[in-house]
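J.:
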Amino acid sequence: MKKLSFDEPTKEEIDIFLKESSPLKEVGLSSLGDRLIVHKIAKSLPYGSVAVEIGTHLGAFSAIIAHANRQIAVHTYDIYDDESRSLRLNEREYAEYRARCEWAFGKGQKLTLDNVTKFLSRYDNITVHKAIEGINPSFEHEIDMFIEDASHKNPQLQQTLDFWIPKIKLGGFLLIHDYAPHKSINHRHRYIDVESAVDELCKSDEWLLWNYHDSIFAIFERVKKQY
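Numbers in my numbering are just positions in the sequence shown, counted from 1, shifted up by 392.
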């Protein structure tokens with residue numbers, strides 16, 4: 393695996409990313425820093441690596457990973473429930489969400505498993521999975537890169553971490569999205585359960601926490617593994 397730098401990106405690095413990275417990244421709501429670090433980690437992974445994302449949404453992070461490194465397998469999971477997602481958004485957010493759905497899937501189209509699968513079909517190294525709430529999938533591979541970007545709330549968050557973390561390899565990466573303790577305590581996009589999960593991982597000598605410019609990922613590298 394290539395040695396990664398978590399320093400603030402240079403203008404040259406940003407320019408290369410914008411030129412090299414997946415055009416499908418534009419469907420995402422994430423910051424440039426989030427996209428950059430996902431691209432950097434994916435690009436550093438060796439042949440045959442496995443990446444898993446929980447919380448596909450419209451597929452931007454999975455597309456970034458698969459485009460950055462065609463030699464790795466990407467598995468992405470979501471419940472693909474357009475109705476429940478719409479209930480969590482305010483009017484402005486919902487209008488933006490609908491516009492992104494139509495950009496990705498076509499006029500009048502919604503977030504569905506079939507639409508996301510078609511949208512990501514240009515990448516033959518992505519497998520799109522339908523998640524079932526409260527039920528862990530069958531998955532036997534060790535993981536080199538894992539992204540948690542689903543509801544950000546317990547019990548889903550803790551159940552996800554409990555199931556997937558043991559599968560992450562020594563030297564692998566765990567990225568938990570929407571870690572934003574800098575936001576006000578009442579901010580609707582501050583997730584206390586995410587912060588609690590990050591705090592618990594920081595207590596373990598198995599994980600090294602990295603910070604990255606303009607990113608709300610908590611980025612953990614596995615430096616030790618208990619067997």
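Even for Gly, the Cβ is constructed at its ideal location relative to N, Cα and C.
1) Using the C-alpha atoms, what's the distance from residue 599 back to residue 592?
2) Just verifying my parser: in three-state terms, what is the DSSP assignment at residue 433?
3) Going along the chain, which residues of its own chain have a beta-carbon closer than 6 Å to the beta-carbon of residue 398, five neighbours each way excluded?
4) Between the C-alpha atoms of residue 396 and residue 432, what's the straight-line distance to the nearest angstrom?
5) Who are residue 556's beta bridge partners in DSSP?
6) Does the segment 465 to 482 come within contact of the segment 519 to 538, defined as at least 3 CB pairs closer than 8 Å?
7) What does the Cβ neighbour count give for residue 526, buried or exposed, with the cut at 16 atoms within 10 Å?
8) Which word fits residue 580, buried or exposed, when buried means at least 16 other C-beta atoms lie within 10 angstroms of its C-beta?
9) Tell me which same chain residues have a C-beta within less than 6 Å of the C-beta of residue 507, skipping the five on either side of it?
10) Tell whether a beta-carbon distance below 7 Å holds between residue 429 and residue 576.
11) Can you list, in chain order, the residues of its chain whose CB lies under 6 Å from that of residue 446, leaving out five sequence neighbours each side?
12) Any idea if residue 442 is buried or exposed, counting beta-carbon neighbours within 10 angstroms, 16 or more meaning buried?
13) Do you know offhand how far residue 462's Cα is from residue 585's?
14) Report all residues from its chain with a CB closer than 8 Å to the CB of residue 509; omit the five preceding and five following residues, and keep chain order.
15) Kindly indicate which three-state DSSP category residue 614 falls into: helix, strand or coil?
16) For residue 493, is the classification buried or exposed, using 16 other Cβ atoms within 10 angstroms of its Cβ as the cut-off for buried?
17) How big is the Cα-Cα spacing for residue 511 and residue 455?
18) Give me the Cα-Cα distance between residue 404 and residue 436, rounded to the nearest whole angstrom.
19) Using DSSP's beta-bridge definition, name the partner residues of residue 599.
20) Of the residues 613, 588, 487 and 415, which one's Cα is nearest the Cα of residue 536?
21) What residues match up with residue 470 in a beta bridge as DSSP calls it?
22) Between the C-alpha atoms of residue 561 and residue 595, what's the straight-line distance to the nearest angstrom?
23) Grouping DSSP H, G and I as helix and E and B as strand, with all else coil, what is residue 585?
24) Let me make sure I understand the geometry here. Which of 495, 534, 574 and 550 has the alpha-carbon closest to that of residue 450?
T.: So, from the listed chains and residues:
1) 10 Å
2) helix
3) 602 and 604
4) 8 Å
5) Assignment of beta-bridge partners to residue 556 by DSSP yields no partner.
6) yes
7) Its Cβ having fewer than 16 others within 10 Å, residue 526 is exposed.
8) exposed
9) These residues qualify, in order along the chain: 497 and 501.
10) no
11) 469, 540, 542 and 552
12) buried
13) 34 Å
14) Beyond the five residues adjoining it in sequence on each side, residue 509 comes within less than 8 Å, by CB distance, of 520 in the same chain, given in chain order.
15) strand
16) buried
17) 9 Å
18) 18 Å
19) According to DSSP, which records beta bridges pairwise, residue 599 is partnered with 614.
20) 613
21) Paired residue(s): 522.
22) Inter-residue distance for residue 561 and residue 595 is about 19 Å (C-alpha atoms, whole angstroms).
23) In this structure, residue 585 counts as helix in the three-state DSSP scheme.
24) Comparing Cα-Cα distances from residue 450 to each of 495, 534, 574 and 550, the minimum goes to 495.
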